[in-house]
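Under numbering that gives the first Met the number 0, the first residue of the sequence shown is numbered 0, with each subsequent residue one higher.
The C-beta atom is built at its ideal place from N, Cα and C for all residues, glycine as well.
Please read all numbers here as calculations on a predicted model, not as lab measurements.
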Amino acid sequence: MSENKTGETGDIEKQKPFDLNDYIIIKEGEAEILMHNKNEVFYNKTQVNNRDMSIAVLRTFISKRKKEHEALLSKRIKKGLKVSEDGDSGMDIANDSSKPNGNSNGECEEIPQDEQRGNSEEAKKMPEVKVREELKPPRVLEALSASGLRALRYAREVEGIGQVVALDNDEASVEACRRNIKFNGSVASAKVESNLVDARVYMLTHPKEFDMVDLDPYGSPSVFLDSAIQSVVDGGMLMCTATDMAVLCGGNGEVCYSKYGSYPLRAKYCHEMALRILLACIESHANRYKRYIVPVLSVQMDFYVRVFVRVYTSAGAMKNTPLKLSYVYQCIGCDSFHLQPLARTVSKNTSVRYLPGFGPAVAQECSDCGKKYNMGGPIWSAPIHDQEWVTSILADVKSMKARYPAFDRISAVLTTISEELPDVPLFLSLHNLCATLKCTSPSAVVFRSAVINAGFRISGTHVNPLGLKSDAPMDVIWDIMRCWVKNHPVKAQPPEHSGSVILAKEPVLQANFARAVASLSKAQAKKVARFLPNPESHWGPKLRAGRTITSKHASLLGPEKVNGILNDNEEQGEEPEAKQSESKL
0 MSENKTGETG DIEKQKPFDL NDYIIIKEGE AEILMHNKNE VFYNKTQVNN
50 RDMSIAVLRT FISKRKKEHE ALLSKRIKKG LKVSEDGDSG MDIANDSSKP
100 NGNSNGECEE IPQDEQRGNS EEAKKMPEVK VREELKPPRV LEALSASGLR
150 ALRYAREVEG IGQVVALDND EASVEACRRN IKFNGSVASA KVESNLVDAR
200 VYMLTHPKEF DMVDLDPYGS PSVFLDSAIQ SVVDGGMLMC TATDMAVLCG
250 GNGEVCYSKY GSYPLRAKYC HEMALRILLA CIESHANRYK RYIVPVLSVQ
300 MDFYVRVFVR VYTSAGAMKN TPLKLSYVYQ CIGCDSFHLQ PLARTVSKNT
350 SVRYLPGFGP AVAQECSDCG KKYNMGGPIW SAPIHDQEWV TSILADVKSM
400 KARYPAFDRI SAVLTTISEE LPDVPLFLSL HNLCATLKCT SPSAVVFRSA
450 VINAGFRISG THVNPLGLKS DAPMDVIWDI MRCWVKNHPV KAQPPEHSGS
500 VILAKEPVLQ ANFARAVASL SKAQAKKVAR FLPNPESHWG PKLRAGRTIT
550 SKHASLLGPE KVNGILNDNE EQGEEPEAKQ SESKL
């Protein structure tokens, strides 16, 4: 790698001189980059939330990786000592006549020379094991680097990080990245290298070489997943972003199936379903190489979803994958949904058999309103967060508040995630329930209290401020709403209306709306902000690199910025091109 790095540095030094007046300096965290006034290389200010979250996870990963390594090393040493003690005890028994006291701790006994020699040799070997198995700094791969801002922030802000490899197959992007590496000084130059190469080819030719692989493409990551999974070391981490939310949320179901292998449903929980579709897709790619994933954090923010998963290799553990996947049945008349697990296990003595899941989970018609079901999936129905990781990441973020430009946003998201029910897939919308019945909405505290008083759990979700996760079955949810409507009558609706069918049934459960102690989460009780507004207008996706900015882009960039760019172009006598390269890579 040193030869390659020297070559990269040489390339940077050979770059043509540039005029600083043509660039603006953008500072984010401890990194600074030079951005050309034209839209040559992709940069989106909105992704500061994404980059801050990634840095927080990377810091926690390095810390936990070190602890895991120390624990493994300690276990190996203890195992070696145990084997040694067993050998010593055998020697003690053989030489029992020379040891009348029969002491085994060796405090007051004379040790034979052979045994002394053996112990000294073992003591010499122990440091060698430490040196031989010394934990190296983690190597990070940013597969789609563009300006290189993310790679530079990793190198400058994350303590204990090793080499950061930034890839791109666009010459302008690689040139900009190398320029920014040089602009950020010796630390960046020593740690970050930029390569002009197809990320897929690079990852395929570097299997199990990187402790962390970061995929943040413009659009779908599906074409990179197969090679990315193969380039992560055992126990390493894959960070993956998908910005094609229209596809993942049911706008084009057939396109989603072709890219991710799952069919989405259009419902209030569509953004969480997008997370679970992405996780199921990554797991599918991992299984092809006898690998599997363990999600530690899955986030829906702004206009994208972002998942952080650890990758392991085990043919045995891989067999559990069907147990983590489910199909979703969504009623077209009301908010009722049900999950159909893909598989089940049967245990007998010490053996475990994997069998197809029992089905169907529902009848042809909804038991609540009598309408048909739409079916989607398969989705990842196992937990999408590791609460221990979430707690550690949140504590780290709070302890380093000044080092996160988007501290308020990411701490709010992490706080909400830390209070989610980890084992409840998808969620309900209280407003949608009331819209089905055409009734006034109870407050969230009142509804949550009724669920808790009925003996079930309930929590919010980071995806939707109005979303509620609960392990209560749908018949209990509708019984609570029937009791609410009895106290708050509604106008009569046509008999075939879904709400009329639901209200025509008498509630089996008599809801108790008395305020429960746990009806408010800890964050709500302390009035901690959990859902923050966007910091500025036009906070969202931006143009692909290379596109000519015209007046039609005012909704994305804002009219003032667009007018300013157009005026500058007119002054310079430039005519807008019809269309430039659309590649961000």
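Nearest-angstrom Cα separation, counted from residue j out to residue i
i, j, result
"S520", "A443", "11 Å"
"V462", "L324", "20 Å"
"V507", "D478", "7 Å"
"G89", "T312", "Residue confidence is low: G89 scores 44 on pLDDT, short of 50, so the model does not pin down where it sits. Its coordinate-derived value is still stated next. If I take the Cα positions, the gap works out to 38 Å."
"S335", "Q329", "6 Å"
"A55", "D385", "15 Å"
"L80", "T320", "37 Å"
"E120", "L224", "Residue placement at E120 cannot be trusted, given a pLDDT of 47 that sits under 50; the coordinates are not used to answer."
"C107", "M236", "Annotation note: pLDDT 39 at C107 (below 50); position unreliable, coordinate value reported separately. About 51 Å."
"K400", "F406", "6 Å"
"D367", "S350", "40 Å"
"M211", "L354", "35 Å"
"M374", "Q363", "11 Å"
"K578", "E170", "With a pLDDT of only 38 at K578, under the threshold of 50, the placement of this residue in the model should not be trusted; the figure read from the coordinates follows. Looking at the two C-alpha atoms, the distance is approximately 18 Å."
"E573", "T45", "At E573, the pLDDT of 49 sits below 50, so the modelled position is not reliable; the number obtained from the coordinates is stated separately. If I take the Cα positions, the gap works out to 29 Å."
"I228", "H284", "7 Å"
"E253", "L425", "21 Å"
"V345", "R352", "5 Å"
"K525", "A279", "36 Å"
"L19", "H35", "9 Å"
"M125", "V310", "Bear in mind that a pLDDT of 39 at M125, under 50, signals an unreliable position, so the model cannot answer this."
"L413", "V47", "15 Å"
"R199", "A142", "8 Å"
"K504", "C333", "15 Å"
"L393", "V293", "19 Å"
"Q509", "F302", "41 Å"
Selection from the options that minimises the alpha carbon distance to residue i
i, options, result
"R64", "G147, I160 and I25", "I160"
"S469", "K504, G459 and L393", "G459"
"M300", "E29, I32 and A411", "A411"
"A381", "E174, A517, L341 and S313", "L341"
"T240", "N49, Y22 and I180", "N49"
"K370", "G498, I416, V293 and Y259", "G498"
"K135", "H68, D169 and L425", "H68"
"L140", "D51, N20, L148 and M202", "M202"
"A150", "G234, E27, C248 and L465", "E27"
"D213", "K485, Y326, S73 and A145", "A145"
"K267", "P494, G466 and D474", "G466"
"V445", "F512, S226, N251 and S73", "F512"
"M52", "M480, D215, S261 and P421", "D215"
"T435", "S448, Q492 and L420", "Q492"
N- and C-terminal bounds of the beta strand (DSSP E) containing residue i
i, result
"R305", "Y303 to T312"
"A175", "Unbroken run through A175 is the alpha helix (DSSP H), E170 to F182; no beta strand (DSSP E)."
"C330", "L324 to C330"
"E31", "A30 to H35"
"E192", "V191 to L195"
"N373", "Y372 to W379"
"V295", "R290 to M300"
Cβ distance (whole Å) where residue i is taken to contact residue j below 8 Å
i, j, result
"I383", "R275", "7 Å"
"R408", "L531", "6 Å"
"V173", "L195", "4 Å"
"D197", "G218", "The pair is not a contact, with the Cβ atoms about 16 Å apart (cut-off 8 Å)."
"R402", "E156", "7 Å"
"R305", "V298", "5 Å"
"I416", "M272", "Contact flag wrong, Cβ pair sits at about 17 Å."
"I451", "A517", "6 Å"
"K207", "D233", "7 Å"
"K190", "A154", "4 Å"
Start and end residues, alpha helix (DSSP H) containing residue i
i, result
"Y22", "Per DSSP, Y22 belongs to no alpha helix (DSSP H); it is in the beta strand (DSSP E), Y22 to E27."
"L151", "L148 to E156"
"A227", "S221 to S230"
"I416", "F406 to S417"
"F446", "A443 to N452"
"D422", "Per DSSP, D422 belongs to no alpha helix (DSSP H) and is neither H nor E."
"V254", "G252 to Y259"
"T390", "Q386 to S398"
"D474", "M473 to N486"
In DSSP terms, what residue i is bridged to
i, result
"T240", "R305"
"Q162", "Answer is none; Q162 lacks a bridge partner."
"I276", "In the DSSP output, where bridge partners are listed per residue, I276 has none listed."
"D355", "The question names Asp, but residue 355 in the sequence shown is Pro. P355 is bridged to A342."
"M211", "V139 and M236"
"H337", "Y328"
"L427", "L467"
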